[in-house]
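Numbering (the working numbering), first residue to last: 14 to 120.
For glycine and all other residues, C-beta sits at the position ideal for the given N, C-alpha and C.
Before any comments, here is the structure.
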């Protein structure tokens with residue numbers, strides 16, 4: 014049950030990030046992560062590890078790559094899913110989540 018809830022939260026987060034990327038704010042998301050990392054480093058007891066921030070950066074870059082993938086965009090358009098719509102954001106989020114799950118299961 015917990016895993017399903019965590020996946021639901023991850024999906025919602027990714028969907029919000031995809032929305033920012035499709036609105037040309039992907040770099041802003043990466044900048045926010047960098048700012049959070051810098052602020053966390055200044056703490057006596059950091060809240061998150063460097064690995065956490067690295068994973069978040071990697072995830073955002075994966076989402077950016079998928080949003081900008083012309084093949085993915087064409088496949089979604091062929092299914093009637095237009096770039097920049099809520100449905101598009103959900104589809105990209107789901108694609109990246111599936112790729113991440115596949116990679117984790119094959120480690």
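For this session: Please classify residue 71: does DSSP put it in a helix, a strand, or coil?
Result: As a working note, residue 71 is residue 58 in the chain shown. Here residue 71 sits in helix by DSSP.
Problem set entry | Exposed unless 16 or more other CB atoms sit within 10 angstroms - verdict on residue 41 | As a position in the chain shown, residue 41 is number 28, starting the count at 1. Classification for residue 41: exposed.
For this session: Would you decide whether residue 14 is buried or exposed? Buried here means 16 or more other CB atoms lie within 10 Å of its CB.
Result: Counted from its first residue, the chain shown places residue 14 at position 1. With a pLDDT of 48 at residue 14, under the threshold of 50, the modelled position of that residue is not reliable, and the figure given next carries that caveat. Exposed.
Exercise. When burial is assigned at 16 or more other CB atoms within 10 Å of the CB, is residue 93 buried or exposed?
Worked result: Residue 93 sits at position 80 when you count from the first residue of the chain shown. Its Cβ having fewer than 16 others within 10 Å, residue 93 is exposed.
Problem set entry | CA-to-CA distance, residue 105 to residue 89, given in whole angstroms | Counting from 1 along the chain shown, the entry for residue 89 is found at position 76. Counting from 1 along the chain shown, the entry for residue 105 is found at position 92. Residue 89 and residue 105: Cα-Cα distance of roughly 9 Å.
For this session: Flag this pair as touching only if the stretch 75-86 and the stretch 46-66 have three or more C-beta atom pairs under 8 Å; answer yes or no.
Result: no
Exercise. Can you tell me whether DSSP reads residue 23 as helix, strand or coil?
Worked result: Locating residue 23 in the chain shown gives position 10, where the first residue counts as 1. In this structure, residue 23 counts as helix in the three-state DSSP scheme.
Exercise. Would DSSP call residue 88 helix, strand or coil?
Worked result: One-based indexing of the chain shown puts residue 88 at position 75. Of the three classes helix, strand and coil, the one that applies to residue 88 here is helix, per DSSP.
For this session: Measure the beta-carbon distance from residue 50 to residue 66 and round it to whole angstroms, keeping in mind my assumption that it falls under 8 Å.
Result: Counting from 1 along the chain shown, the entry for residue 50 is found at position 37. Counting from 1 along the chain shown, the entry for residue 66 is found at position 53. With a Cβ gap of about 4 Å, residue 50 and residue 66 count as contacting.
For this session: In angstroms with no decimal places, state the Cα-to-Cα distance between residue 119 and residue 113.
Result: Position 106 of the chain shown holds residue 119. Position 100 of the chain shown holds residue 113. If you take the alpha carbons of residue 119 and residue 113, they lie about 10 Å apart.
Problem set entry | Nearest candidate by alpha-carbon position, reference residue 23, set 109, 57, 115, 100 | For the purposes of this step, residue 23 is taken as the residue at position 10 of the chain shown. If we check each option's Cα against that of residue 23, 109 comes out closest.
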